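Numbering (UniProt numbering), first residue to last: 1 to 192.
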């Protein structure tokens with residue numbers, strides 16, 4: 001049995017028993033859930049259909065799902081499946097227990113040289129694989145790099161990602177978190 005949030009009754013979505021909220025963004029909540037067939041813990045990203053339509057995000061959500069299906073790699077958070085109801089979309093993802101790299105850096109002040117080397121190697125392995133599939137994340141930052149229970153790095157949040165198959169214009173748009181955008185991108189957009 002999994003822990004629910006706020007004492008309310010647990011909910012089921014398909015074969016998943018849904019528990020507490022473990023994260024929240026502008027357009028989605030992430031819930032802890034458990035596959036009742038296998039016992040495996042998963043993260044369930046819950047999106048409200050009306051909000052997606054209102055903010056004209058249908059193409060972005062479809063792109064994120066398509067990209068996550070394409071990039072199966074040990075250093076990328078795995079997408080298991082996508083479920084939908086009349087009001088919600090449920091994206092079932094690998095549950096990563098170690099938190100964000102950002103939080104680890106804040107807690108410890110800095111990384112050891114060995115950890116920094118290990119994470120950097122895992123990051124470039126994951127990014128290289130994505131690039132080999134024509135996928136460009138466009139928002140790599142410590143907050144989007146998760147650590148699993150063995151301390152391995154996993155790239156997450158492909159919401160701003162792009163791929164050439166969807167048009168060259170998408171690859172030329174500036175997006176991401178300003179503090180982490182490459183200087184050459186800022187220079188090209190006259191933001192420096």
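Every residue gets a Cβ at the ideal spot worked out from N, C-alpha and C, and that includes glycine.
Because the structure is a prediction, the values reported are computed rather than measured.
Sorted by chain position, which residues of the same chain lie with C-beta nearer than 7 Å to residue i's C-beta, five sequence neighbours on each side aside?
| i | result |
| --- | --- |
| residue 170 | With a pLDDT of 46 at residue 170, under the threshold of 50, the modelled position of that residue is not reliable, and the figure given next carries that caveat. So the qualifying residues of the chain are 162. |
| residue 51 | 27 |
| residue 135 | 67, 70, 71, 161 and 163 |
| residue 11 | 18 |
| residue 98 | 146, 147, 148, 149 and 151 |
Note down, in chain order, each residue of its chain lying with its Cβ closer than 6 Å to the Cβ of residue i, except the 5 sequence neighbours on either side.
| i | result |
| --- | --- |
| residue 96 | 146, 148 and 154 |
| residue 119 | 153 |
Does DSSP put residue i in a helix, in a strand, or in coil?
| i | result |
| --- | --- |
| residue 35 | strand |
| residue 96 | coil |
| residue 135 | coil |
| residue 149 | coil |
| residue 126 | helix |
| residue 40 | coil |
| residue 111 | coil |
| residue 88 | strand |
| residue 59 | helix |
| residue 103 | helix |
Going by alpha carbons, who is nearest to residue i out of the options?
| i | options | result |
| --- | --- | --- |
| residue 77 | 139, 110 and 126 | 126 |
| residue 152 | 114, 158 and 138 | 114 |
| residue 137 | 121, 118 and 159 | 159 |
| residue 105 | 58, 141 and 41 | 141 |
| residue 41 | 121, 55 and 79 | 79 |
| residue 123 | 110, 109 and 139 | 139 |
Below 8 Å CB to CB, which residues in the same chain sit around residue i once its five sequence neighbours on both sides are set aside?
| i | result |
| --- | --- |
| residue 44 | 13, 16, 18, 30, 31, 32, 33, 90, 91, 92 and 93 |
| residue 24 | 30 |
| residue 131 | none |
| residue 112 | none |
Assuming residue i contacts residue j under a Cβ cut-off of 8 Å, what Cβ separation, rounded to an integer in Å, is found between them?
| i | j | result |
| --- | --- | --- |
| residue 65 | residue 47 | The pair is not a contact, with the Cβ atoms about 10 Å apart (cut-off 8 Å). |
| residue 143 | residue 81 | Residue 143 to residue 81, Cβ: 25 Å. No contact. |
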